[in-house]
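Here is the structure we will look at, set down as structure tokens.
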Amino acid sequence: MPYCLQLTSRALSQIYIIKLRVCFFIYHRESKMKFLQKLGFFCIRSSLLLFLVSPLVSSSQEHMKGGGSNKDNIHKMSHNLSFEIRLHGFLLWASMGFLMPVGILAIRMSQREECGRRLRIIFYVHGFSEMLSILLATAAAVMSFRNFNNSFNNKHQRVGLGLYGLIWLQALMGFIRPQRGSKGRSVWFSVHWILGTAVSLLGILNIYTGLQAYHEKTSKGIKLWTIIFTAQVSFMTFFYLFQDKWWYIQKQGVLLGHEPVRPTADQVLLPIEKQKQAVTDSC
């Protein structure tokens, strides 16, 4: 029975790989917007499949682990659990700590972009990074439900549960966006922006609480990882704020400006004073 479940899981994985290839073939036949919609629905179906298949695979693995001595099982489970915790943390860092901020930074670059081709590239970078972020977060959530003791008695688990719901709500908001110029566009934009900001902040917060939970569970040091992640967040925050000022800096003629540097008040008054001094000397 466990062997049959493994075969079923592999067969389903192959089916979805084939579907992904078909989607890329459709990309060359249909419009790019339809392709993104198909890829988004594929992400949703893949996530649901992970939730449906994971309990079966988990039960089969537990059944196979039943044979063997208790000491060996305890050693294997502790080693496997440590690996799964690290993998869970890596997936959520890649999702919430890297891909999602990259998607936000990318879409902000389109605010003052006038080239249509660059706008399309920026939009697809935003879409693909957010979709991949959702898939990785879903895989990490599946690992958590399968392998960890989810009593939801600590901050990390409770924030993670709420965060996962917000991620999918934000994804659905992205697929139902109204056309530009329509009545509901401004309301949709406000909700989409608020949800995106909340998801990003909660995701960063939950990475810190996850590092603390990892330290409490394994007694391993997390100082280095905390410093590295803080440096990354600081760099992305600086880049986020710098995006608003880049256009203003260009207009001031400081960096690659299209307008010449305007003279200051001292530079304007100095020639006038020199002319007055010359007239006085001549008299």
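Start counting the sequence shown at 1; every next residue gets the next number (the UniProt record's numbering).
For every residue, glycine included, the Cβ atom is placed at its ideal position computed from N, Cα and C.
- [ ] Whole angstroms is fine: what's the gap from residue 129's alpha carbon to residue 103's?
- [x] Computed Cα separation, rounded: 6 Å.
TODO: Starting from residue 105, follow the alpha helix (DSSP H) in both directions and report where the run begins and ends.
DONE: 100 to 108
- [ ] Return helix, strand or coil for residue 189, following the three-state DSSP convention.
- [x] helix
- [ ] Over the uninterrupted alpha helix (DSSP H) stretch that includes residue 78, give me the two end residues.
- [x] 70 to 92
Open item on the list: Less than 8 Å between C-beta atoms, sequence neighbours within five positions excluded: which residues of the same chain meet that for residue 136?
Closed with: 91, 92, 94, 95, 99
Open item on the list: By the three-class DSSP mapping on this structure, what secondary structure does residue 153 have?
Closed with: Under the three-state reduction of DSSP, residue 153 is assigned to coil, being neither helix nor strand.
Task: Member of 220, 205, 179, 167 whose CA lies at the smallest distance from the CA of residue 194 - done: 167
TODO: Please state whether DSSP places residue 290 in a helix, a strand or coil.
DONE: Coverage of the chain is limited to positions 1 through 283, which leaves residue 290 absent and any answer about it impossible.
Task: Proximity to residue 202 [Cα-Cα], best of 101, 82, 86, 84 - done: 101
Open item on the list: Helix, strand or coil, according to DSSP, for residue 111 in the structure here?
Closed with: coil
Task: residue 116, buried or exposed, once every other Cβ within 10 Å from all chains shown has been counted against 16 - done: exposed
Open item on the list: Helix, strand or coil for residue 7? Go by DSSP, reduced to three states.
Closed with: Reliability fails at residue 7, whose pLDDT of 43 lies under 50, so the model's placement of it is uncertain and the value that follows must be treated cautiously. Looking at residue 7 - three-state DSSP - the assignment turns out to be helix.
Task: Beta-carbon spacing of residue 84, residue 147 below 8 Å - done: yes
TODO: Let me know the secondary structure DSSP gives residue 148 once reduced to three states.
DONE: coil
TODO: Tell me whether residue 183 sits in a helix, a strand or coil according to DSSP, three-state version.
DONE: coil
Open item on the list: Buried or exposed for residue 162, going by 16 or more other Cβ atoms inside 10 Å?
Closed with: exposed
Task: Rounded C-alpha distance that separates residue 88 from residue 216 - done: If you take the alpha carbons of residue 88 and residue 216, they lie about 16 Å apart.
Task: Member of 110, 228, 79, 80 whose CA lies at the smallest distance from the CA of residue 246 - done: 110
Open item on the list: Rounding to the nearest angstrom, what Cα-Cα distance links residue 192 and residue 249 in this structure?
Closed with: Residue 192 and residue 249 have their C-alpha atoms spaced approximately 29 Å apart.
- [ ] Give the straight-line distance between the Cα atoms of residue 183 and residue 225, rounded to the nearest whole angstrom.
- [x] 46 Å
- [ ] Would you decide whether residue 126 is buried or exposed? Buried here means 16 or more other CB atoms lie within 10 Å of its CB.
- [x] buried
- [ ] Apply the 10 Å Cβ neighbour rule to residue 144 and answer buried if 16 or more other Cβ atoms are within range, or exposed otherwise.
- [x] Buried is the label assigned to residue 144, since at least 16 other Cβ atoms lie within 10 Å of its Cβ.
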